[in-house]
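Chains as they are written, first to last, in our numbering: chain C, 2 to 778; chain P, 1024 to 1181; chain A, 80 to 359; chain D, 12 to 204.
If you want it as C-alpha cells, here you go:
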C-alpha cells in the first residue's frame, strides 16, 4: 500500500497555531456573554473551624449583588472525590484549610462581587489544626475528617482517622535479602510542595437555560471529570449539566479534578443567570491544589559485583484536607520507586495523611519525580562505594527486552539501553568524569556530571473515538480528549489521517463537549496519544471496513480485493484506474444506501499491573495502569561554592516514546518538562507559616526564566515501537520531568562531594551541606 | 471618568476610574483579549503590550497614565511584516504549546527586532527575561526569534 | 481640601503643592511598584500626582562638578545603558541592569524605586557605595541627603510626607577606577537575597555597601578602610564588621543566617572582580 | 508567625497578674492603640493602627481571655481591617514566674494574617511584629515596675532577651491583643558612616 500520506512522523505545526499567534484564541477569561454576572469567592481565614452560621445581610444589601451561595446551599450527603468521596463542592459545616472557599457572590461587576465578598460574615468556632503529615498520623492528633471511614471509596483505601489511604506492594523477600547485600545505603529524603503555575489561573463560566439545564465552560483537563465532580457534589443528574471547553492555558494536573466549577454552578443555579468566575493568581495558589510533599525513607542493597538485590521504601504523603488524587499518587509512586532496574526483592509501602492544608493532587510526574530523587541518588551512592562508574552500575541492572516491571506487568517495548547510550555519548560522560579526577578545584565554581534514569506509564481508564465521514469524503474526529497545549488535537488528527491515508487537512477535530463527545477520562497520566490514539485507529478501521463494503457493491468486486489509496480513495488492487474517491462512496452512503459512514471505538486500558504469582499488592487504587516509556538524562552541574547556588549549563535528555507521531511536539514536551523539573530541583517551594501559605504570589514563588535555560538543552527521541500503541507510539508528557532533580543531585555530589536529601536544592541548603562537609569555610 | 487613549493607531474613548489599569480597559471595554491576566503584579509578562515602542506591563500601567501614549497590542501588530515573520517562525519552530504566554512573547520580541535586527541568543533571552512560559522550556522560543530575525534581515537585504 | 483624580503637574513645585493639599495623595512615577500595590488593594489613594510630565526630572546628565545627575524619573533601562556612568560609577549601571527584568526596566524609575526602599532593592547599596546624594523637594524647598542617611529603615526613608525625590547626584567618577554590583538571588529578576555594591578608585580606595541584609544598606567606614588598605585578612575582617551590622530578614528568599553567611562571601567576589581593574 | 519575649519586674507575680487585666494600662503600653474598651471581665474591643511600606491599616480586634491560671493567662485575638480586606488571628499566652529579682514575665503569640495584607512580605511582617512585641514589652515592664515598686530604687531596665528560639510545644494557644507601630520610626540601624 503506497504511503503517499506521511501524517505520522511529520512535525506539522499545531492546528490551532494561527489563533494562538494572532491573539484570537479564546481562553476561559476571554469568554463573555451579554448580561453576564461576575463572581468572587469568600475564603476561610482558619485552618480548622466549625461553621456555626452566616450573616449575608450587609452583602446582599450592596447594590448590584444578585446572589450569594454558602454551605447552606449544599446537601451534606453529596460529596465528590476521585478515589474517596470526602469533598463537598465547597466548605460545608466545617473549613479544613486556610483559603478554602466558604461562599461566593454573583454581582453586576467583579468589583461589586469582591466588595460584597468582604461583607459576608461567617461565624466560626475555631478548632485545633494539624499541618504536619507525620504529626497528623500520631494518635490524638486533631481529626481532619471526623468520619473518614464512612466515606464511599472506589477501592480498599483503608481510610481511618487521619489516614487517607495506605498501599503496600512487595515482590520477593526484602527482609531476608539484606543479609546477602555487601553494600547497603539508607537515608531519609524530603521533597517540597510545588505549584503547577500554569500561567492561566483557574476559571469557569456557567449559563442556565429556561429549563434549568446548565452549560458550563471551564479551564479543564477533562470535561467528564468536571461533569462527574459537579454533579456528585451538587446532587445533579448528569443530564442537567453540559460541560464544554475553551482554549486551555495549560494545567500540568491542576485542572484535572474540580477547582471552581462546583461553587460557580451552584451560584449560577441560584442567580438563574450566566455567571463567570476567574480566580486571581493568589486565589489560584491558595485554593486549588499542588504537588504532594513526600517524606521518603529508602534503603537499597547490592552485591559487590554491582548487582542490585534489595529495596525497601516507606512513603508518607501530605494529602492536605481532601483525598483528591492522593491515593493514585501514593500507589503509583510505590510502583515506580524501583526505577527501570531488575531488583528481585522489593518492599514498598506508604500512607497518605490528611492535614489541615490545601489538597495535594495530580502534578506532572504523579509522585515519580519525588521518589526518583531518592532512588537514583541511592544507585549513585552504591556505585561510589563499589568504585563503579554510575552509568556502568546502571547498565548492569537495566531492564531490557521484555523484563517485566516491578509487580510483574509485561513490558512490550524497552528503548532504555539506547537512551542511556545516547546521553552518555552526547555528554562526553566518560571523558568528563575522567577529567574530574584531574579537574581539582578551579576557583569558586565546581563542575560535576550527574545521570539518572526513569520510566513512566501511558494508559489508565477509559477512552473513545468517533470518526464520521462527511458528505465530501472528509472526516470529523471526536474523542473528548482536551488539548491543554500539549498538542493532542494535532497528534490525534495525524493518527486519523494516517489510518485513512488522507491529508491531515481532511480531518476536523471536535472540541470536547459532554453533549457530543465520546468519553475520555482525561488529559493526564501522559495518556492521550496512546489511549485515545488507539481508539482513533480502531474507529478509523471501522470506517475503512464500511468504505470497502460500499465500494465492493459499487465496483462489484470482493471486499478482499480492495485497498485504501492515498488521497482518500478506495481502489481495486493491481488496477490503478479502478478506484472511487471517498466523496463518491460517502455520497452514496448518505443519499442511496447504508447511511452515513461512522466508525466508533471505546475501551478501558486492560493490561494487568500486578501478577499475583509474583507480587502482593494491598490498597493499590488501579488494577490496570499502563505501558512503559523510558528515559535517561545527563546534566552538567555548576556549584558556586561561595553561595551554594546550583546552575545547569548543559543537559542531555533521551526518551523512548515508541514512535514519535509529531517529533517537534515530542521534543517540546521533553524540553518543557526538563525546565519545569529544574524549578522543582532548585528554586520552587510553597512555604507555609503555621497553617497559612506564606508565598502565594509570583513575587515570592519563583519558577525558571529564560536566564535559567541551560546554554545546551538537547532532547533525543528513541523509537522502540510499542506493538500495542497507535503506529507504535507511547507516552511522553510527564517522563521528561521525573529524573531532573535526581540527576542534578547526583551532579552536585560529583562536583562537591555532598549529598542533598531535601528539595529544593537552594543555595542556602547546598551551602549548609558544604559547610557541614568542611568543603566550604 | 472619560479618557481618550491611542490604541493600535486609533483613538479609543473609554471610561476609567483612577485605579483602573490599561489591561482592564483593553480587555473589559475594548474586547482586545490578546493581552492576558496572569498575575496582576507585573511578573509573568502575559499582559505585555507595546507603549511608545517599548514593551510594558498593561497590568502595571494605569489607564490614566496612558493618555497621549501610543499603545499597541498584538491585535494592532498582526499585519505588520515584522510580526508576521515572528508568527510564522513561532508556528514552524513549535515555540508555544498552550499559547497563553504567546501574545506577550510576540510583542516583546517584535520590540526587540525593531531595535536590534541581528540579536544573538543572549540578547533574545535578555529582552524576553520578563516573559514567563511554563510549557515550552523557552528553547524553541529563542530559536524562533533568531529565525524570524534572519528572515527579516534577508528580506531587508533583498 | 481633599484631592481626587489623576494630576499631571508640569513642575516640581506644582507637584509638591498638590501633594501638600492632601496627605493621602501619592506621587506616581513609573508605577511598577505602586500599581502592583493598587492591584492588590493594599493601598487605595484618592489622588495620584504623576511626575511623568516634569522635564526637570528626566534623564541622566553631566553635572557642573564633573559628577552625574540622574533625574528621579529616569527609567532603569536608561541608567543601565548610560555612557556617563564610567569607572567607579559603573556600580549604578551594574545595579540598574540587574533590576527585575527587561520589561519592568522599561517602566520603573530610580526615584520611585528608592522612595519605596524595599530592603531587597538594587539601587540603595549601589548609591551608598557610590557616595551619592539624594535631592528632595518639599513645600519648604529643596535639600540634599547623603544616600547613607536617606535609607533609614524598612520602607522608610528621609522623605517627609508630601516630599518627592527630584534627582540623584553622583560625585565625579574615577575613570580609572571600577564599580560593580554583585547580586545573589534565587532566579534572575527576583529581589536580592543579599548583594554587595563596590567602588574601587584607581588609588585603591574602596567603598562598599551590603544590600538585603538589614533595614537599610550596611556600610562602615572601618570596613572600607580595611579593604582600601588591602592585605590578606582585609576581606575577612571587613566582612565580619559588616556581618555585625546585619539585621537580616527570615523569608522565602533565605534565612537570616544564610544572608549573614553571604556577606563576606559576596564581598570577596566583589573585591576580586574589581581588583581586576576594569569595571564590570 | 511566633512573636515572643520576656522581661523581669521587681515585684511579686501575684501583684502583676491583676495589672494584666487593666485595659487602660494595656492601651498605654500598646504602640498604635487608638481605642480599647472592656466589654466584660473576659472580653475587650480594641482598634489598632499600623503603618508599613506606605500601607496604613486600622485593625478592629476582639480579644477574649479564654483561660486563667494563678500565674498564666491565655487569650485569643480575632479581627480584621479595611472592611474585612484582611483578617488577623492570634493565640497568646502570658506566664509569670517568681524569680530572685521578682517576676519573669514571658509572652508568646502565634499570629496569622490572611487576606490582602497576609499575602505579602511575610519576612518583613515577622520582623516588624517582633519589634512591636519588644516595644510593647518595654512599655509594659516600665509601667509595671512603676506601679508595683514606687518606693524601691528603679530597677535597671532589664535587657529584653528574645526567648530561646526553641518553640514551646504547641499548647492550645490563647492571645493578648496586639499592637502595631503607628508610623513612628524605629531607632536607625545599619549605616553608621
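Beta carbons are placed, not taken as given, at the ideal position from N, Cα and C, and that holds for glycine.
None of these values were measured; they are calculated from a predicted model.
Would residue i and residue j qualify as a contact pair, given that the criterion is a beta-carbon distance under 7 Å?
i, j, result
"residue 171 (chain C)", "residue 617 (chain C)", "yes"
"residue 31 (chain D)", "residue 155 (chain D)", "no"
"residue 250 (chain C)", "residue 281 (chain C)", "no"
"residue 1158 (chain P)", "residue 486 (chain C)", "yes"
"residue 205 (chain A)", "residue 276 (chain A)", "yes"
"residue 728 (chain C)", "residue 9 (chain C)", "yes"
"residue 734 (chain C)", "residue 670 (chain C)", "yes"
"residue 1117 (chain P)", "residue 1148 (chain P)", "no"
At a CB-CB cut-off below 8 Å, which residues of chain C make contact with residue i?
i, result
"residue 1095 (chain P)", "By Cβ distance, chain C contributes nothing, its closest Cβ being about 12 Å from residue 1095 (chain P), past 8 Å."
"residue 369 (chain A)", "Residue 369 (chain A) falls outside the range modelled here, since chain A spans only 80 to 359, and no answer is possible."
"residue 141 (chain D)", "Result: empty, since nearest Cβ-Cβ is about 14 Å, beyond 8 Å."
"residue 96 (chain D)", "119"
Using a cut-off of 7 Å between C-beta atoms, extract the partners of residue i located in chain C.
i, result
"residue 1064 (chain P)", "698, 699, 700"
"residue 1162 (chain P)", "672, 710, 714"
"residue 269 (chain A)", "703"
Do you know how far the Cα of residue j is from the Cα of residue i?
i, j, result
"residue 124 (chain C)", "residue 62 (chain C)", "19 Å"
"residue 190 (chain C)", "residue 760 (chain C)", "8 Å"
"residue 1067 (chain P)", "residue 200 (chain A)", "19 Å"
"residue 188 (chain A)", "residue 140 (chain A)", "15 Å"
"residue 359 (chain A)", "residue 684 (chain C)", "Confidence is the limiting factor: at residue 359 (chain A) the pLDDT is only 38, short of 50, which leaves the residue's position unreliable and the question unanswerable from this model."
"residue 1179 (chain P)", "residue 488 (chain C)", "34 Å"
"residue 143 (chain A)", "residue 196 (chain A)", "28 Å"
"residue 166 (chain D)", "residue 158 (chain D)", "In this prediction, residue 166 (chain D) scores a pLDDT of 48, lower than 50, which makes its location untrustworthy; the coordinate-derived value is nonetheless stated afterwards. C-alpha separation (whole angstroms): 12 Å."
"residue 21 (chain C)", "residue 11 (chain C)", "21 Å"
"residue 174 (chain D)", "residue 14 (chain D)", "Reliability fails at residue 174 (chain D), whose pLDDT of 42 lies under 50, so the model's placement of it is uncertain and the value that follows must be treated cautiously. Straight-line Cα distance between these residues: approximately 9 Å."
"residue 514 (chain C)", "residue 1122 (chain P)", "21 Å"
"residue 648 (chain C)", "residue 706 (chain C)", "13 Å"
"residue 310 (chain C)", "residue 668 (chain C)", "35 Å"
"residue 184 (chain D)", "residue 86 (chain C)", "In this prediction, residue 184 (chain D) scores a pLDDT of 33, lower than 50, which makes its location untrustworthy; no coordinate-derived value is stated."
Report the neighbours of residue i on chain C: residues whose CB is nearer than 9 Å to its CB, in chain order.
i, result
"residue 133 (chain D)", "688, 690, 693, 695, 696, 701"
"residue 73 (chain D)", "Those do not exist, as residue 73 (chain D) stays about 12 Å from chain C at its closest Cβ, beyond 9 Å."
Since residue i meets chain P, which of its residues come closer than 9 Å, beta carbon to beta carbon?
i, result
"residue 156 (chain C)", "Within 9 Å Cβ-Cβ: nothing; residue 156 (chain C) doesn't reach chain P, min ~32 Å."
"residue 82 (chain A)", "Ordered by position in chain P, no residue passes the 9 Å Cβ test against residue 82 (chain A), which lies about 11 Å from the chain."
"residue 127 (chain A)", "1041, 1042, 1085, 1087, 1088"
"residue 93 (chain C)", "Result: empty, since nearest Cβ-Cβ is about 30 Å, beyond 9 Å."
Please list the partners that residue i has in chain P, where partner means a Cβ-to-Cβ separation under 7 Å.
i, result
"residue 681 (chain C)", "Simply none; closest approach about 12 Å."
"residue 485 (chain C)", "1121"
"residue 182 (chain A)", "1068, 1071, 1078, 1079, 1080, 1131, 1153"
"residue 115 (chain A)", "1064, 1065, 1083"
"residue 109 (chain C)", "The premise fails here: residue 109 (chain C) is roughly 13 Å from chain P at the closest Cβ pair, so nothing lies under 7 Å."
Can you name the residues of chain D whose CB is closer than 8 Å to the CB of residue i?
i, result
"residue 122 (chain A)", "65, 66"
Notebook entry, point to check: How do the segment 713-721 of chain C and the segment 418-428 of chain C stand: do at least 3 beta-carbon pairs fall below 8 Å, yes or no?
Noted result: yes
Check: Pairing CB atoms from the segment 315-328 of chain A with CB atoms from the segment 240-255 of chain A, are three or more of them under 8 Å?
Finding: no
Notebook entry, point to check: Does the segment 471-478 of chain C touch the segment 192-206 of chain C, meaning 3 or more C-beta pairs lie closer than 8 Å?
Noted result: No: the two stretches stay apart, fewer than three of their Cβ pairs being nearer than 8 Å.
Item checked: the segment 221-241 of chain C touching the segment 492-505 of chain C, judged by at least three CB pairs closer than 8 Å -> no
Next item on the list: Give, in chain order, every residue of the segment 245-268 of chain A whose Cβ lies closer than 9 Å to some Cβ of chain C.
Entry: 263, 264, 265, 266, 267, 268
Margin query: Quick check: the segment 25-35 of chain C against the segment 668-682 of chain C, are at least 3 beta-carbon pairs closer than 8 Å?
Written below: no
Checklist line | Cβ pair count under 8 Å reaching 3, the segment 597-615 of chain C against the segment 696-706 of chain C | finding: no
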